[in-house]
Amino acid sequence: MLAAPPPLSATRLNLWRLTVIRVLVLAAQAGSVGVAYWTELLPLPWLSLVLTLVLSSILCAFTALRLRLSLPVTELEYALQLACDLLIHSALLYYSGGSTNPFVSYYLVPLAIAAVTLPWIYSLVLSGIALAAYSLLLVQFYPLESMPMARDTMQVYGMWLSIALAAAVITFFAARMAEELRNAEQLRAERREDSLRDEQLLAVATQAAGAAHELGTPLATMSVLLNEMRQDHTDPQLQEDLIVLQDQVQSCKHSLQQLVRAAEANRRMAIVEQDVTAWLDEALNRWHLMRPETSYRFQRLHDGDVPRLSPPPDLTQALLNLLNNAADACPDNLEVQLDWNEQDILISIRDHGPGVPPAIAEAIGKPFITTKGKGFGLGLFLSKASVTRAGGSVKLYSHDQGGTLTELRLPYGTPGEQR
């Protein structure tokens with residue numbers, strides 16, 4: 030039973046293109062046979078030629094129906110399809126002059142397609158088939174009997190048409206097939222990179238969850254001991270120190286509870302669409318409460334309608350991490366700019382710190398790579414992962430006038446959606 034066509038893989042798309050080539054070549058072959066028949070220039074075995082053309086048309090129809098199935102198209106199947114083309118072409122040449130037929134150069138088309146789309150072993154086998162068929166046609170074929178002048182004229186124009194057809198097919202279709210394979214390879218590389226990033230994120234999340242679970246017990250023990258010490262000692266100075274320590278322990282316990290609540294809220298929280306200026310103002314105000322020692326200047330570079338976006342909670346946290354990185358480099362005179370175009374929203378953060386060291390510029394953003402004396406190098410890595418999931422990107426540059434420029438690009442609307 031036929032199903033809807035699945036998404037086209039590179040090999041499936043190449044087989045579609047091969048089917049198109051067959052149809053075009055079949056039309057040219059049928060036209061040539063028809064002209065030869067109606068003009069009676071050549072006495073040929075018409076029934077055998079027609080049966081061979083019918084076989085070629087059946088192969089085209091069968092391939093088109095096969096591509097409607099959900100079964101994957103393998104390289105072996107694709108090579109067999111090219112082998113069928115070589116055999117059908119050999120049969121047509123056999124009944125129309127063999128190696129003297131000007132269309133003998135069409136052998137190069139399937140071989141060129143195989144060379145750019147298949148592993149070398151398949152190309153080698155197909156080249157052997159073509160060479161064997163051509164060798165047989167040198168000694169065994171249906172000879173052409175016609176007037177010498179007519180035969181020479183047909184040889185010249187037939188060769189021109191053959192070269193033109195082969196050049197057009199190889200230039201257009203083979204080049205498109207090779208481009209499709211390069212795009213598929215690039216997509217596989219991007220998926221491997223995403224998979225590696227997800228594995229790193231999972232490792233970090235696993236370690237964080239384990240650390241949070243393990244910290245619960247010692248924090249509870251410290252809280253009990255601090256309560257007992259406050260009851261056993263009456264020294265006012267010691268009482269003040271114990272109160273500070275108890276507050277710090279409670280703060281740690283509260284942070285661990287917030288981690289669990291935030292993870293649960295992220296799963297249940299509805300994502301609301303809002304103006305990017307409202308989202309950015311809210312994030313900046315929240316960040317400035319966390320880092321009151323910093324000073325910054327916000328500038329909007331674009332007039333007109335403000336774009337809207339639907340930021341998930343982890344995207345806001347990613348922006349806060351980027352702002353914290355800039356403040357850690359230099360807390361004074363940070364510059365935050367907002368701009369947008371028809372496709373993206375651009376948020377730029379510039380600090381006046383030492384900039385990105387050239388020695389680790391390529392590694393910035395990978396886990397456990399940091400330019401600060403403290404920290405684990407996870408803030409930028411997690412920020413990049415959150416922004417990538419939202420369909421955006423994060424890039425860091427050393428500014429020409431000193432410091433670091435962080436560029437955050439985000440799409441319009443919902444995560445991953447572009448206008």
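Each residue of the sequence shown is one higher than the one before, counting from 30 in our numbering. Yeah, the Cβ is synthetic: ideal placement off N, Cα and C, and Gly gets one too.
DSSP places Q372 outside both helix and strand once states are collapsed to three, so it counts as coil.
In this model, D357 and R326 are separated by some 16 Å (Cα to Cα). Residue nearest to L73 within the set S85, V168, S125, L116 is S125 (criterion: CA-CA distance).
In the DSSP secondary-structure assignment, Y325 is bridged to L363. Residue state for Q169 is assigned as coil, using DSSP reduced to three classes. If you ignore the 5 residues before and after L437, its C-beta comes within less than 6 Å of the C-beta of I376, V423, all in its own chain and listed in chain order. Annotation: A141 to T40 spans about 15 Å, alpha carbon to alpha carbon. About 6 Å separates the Cβ atoms of L147 and A108, confirming a contact at the 8 Å cut-off. Per DSSP, the beta-bridge partners of D304 are R337. E436 sits in a strand when the DSSP states are folded into three classes. Here the C-alpha atom of W369 lies approximately 27 Å from the C-alpha atom of M319. Residue range 39 to 68 is occupied by the alpha helix (DSSP H) that includes Y66. As DSSP reads the structure, S152 sits in no beta bridge.
The closest CA to that of I192, considering only V138, A144, L100, W75, is found on V138. Apart from the 5 residues on each side of it in sequence, Y66 sits with its Cβ closer than 7 Å to the Cβ of W75 in its chain, given in chain order. Assigned with DSSP and collapsed to three states, S280 falls in helix. Boundaries for S427: no alpha helix (DSSP H) harbours it, while the beta strand (DSSP E) harbouring it runs 422 to 427, taken from the DSSP string. Around the Cβ of R220, a 10 Å sphere holds fewer than 16 other Cβ atoms; the residue is exposed.
In the three-state reduction of the DSSP assignment, R97 falls in the coil class, being assigned neither a helical nor a strand state. DSSP, reduced to helix, strand and coil, places S134 within a helical segment of the structure shown.
For S377, the three-state secondary structure derived from DSSP is strand. In terms of CA proximity to D114, T81 leads the group E208, T81, Y441.
Between the C-alpha atoms of E322 and N256 there is a straight-line separation of about 34 Å. For Y124, there is no enclosing alpha helix (DSSP H), since its DSSP letter is neither H nor E. With respect to T435, L351 sits close: the two C-beta atoms are nearer than 8 Å. Counting along the chain, L351 sits inside the alpha helix (DSSP H) bounded by residues 342 to 358. In chain order, T40 place their CB closer than 8 Å to the CB of T103, counting only its own chain and leaving out the 5 sequence neighbours on each side. Between C281 and L254, the gap from beta carbon to beta carbon reaches 8 Å or more. Contact between the stretch 86 to 95 and the stretch 47 to 61 is present: three or more C-beta pairs spanning the two stretches fall below 8 Å.
With respect to the 8 Å criterion, A143 and L155 are classified as neighbours on the basis of their beta carbons. A distance below 8 Å between beta-carbons, with the five flanking residues on each side excluded, links V83 to no residue of its chain.
When secondary structure is reduced to three states using DSSP, P72 falls in the coil class, being assigned neither helix nor strand. Residue environment for G382: buried (at least 16 other C-beta atoms within 10 angstroms of its C-beta). A Cβ-Cβ distance of about 14 Å is found for the pair L121 and Q169, leaving them out of contact under the 8 Å criterion. In the displayed model, A213 falls within a helix according to three-state DSSP. Scanning its chain for C-beta atoms nearer than 8 Å, with the 5 sequence neighbours on each side dropped, one finds around A355 the residues L363, I378, R379, D380, G382, T433, T435, in chain order.
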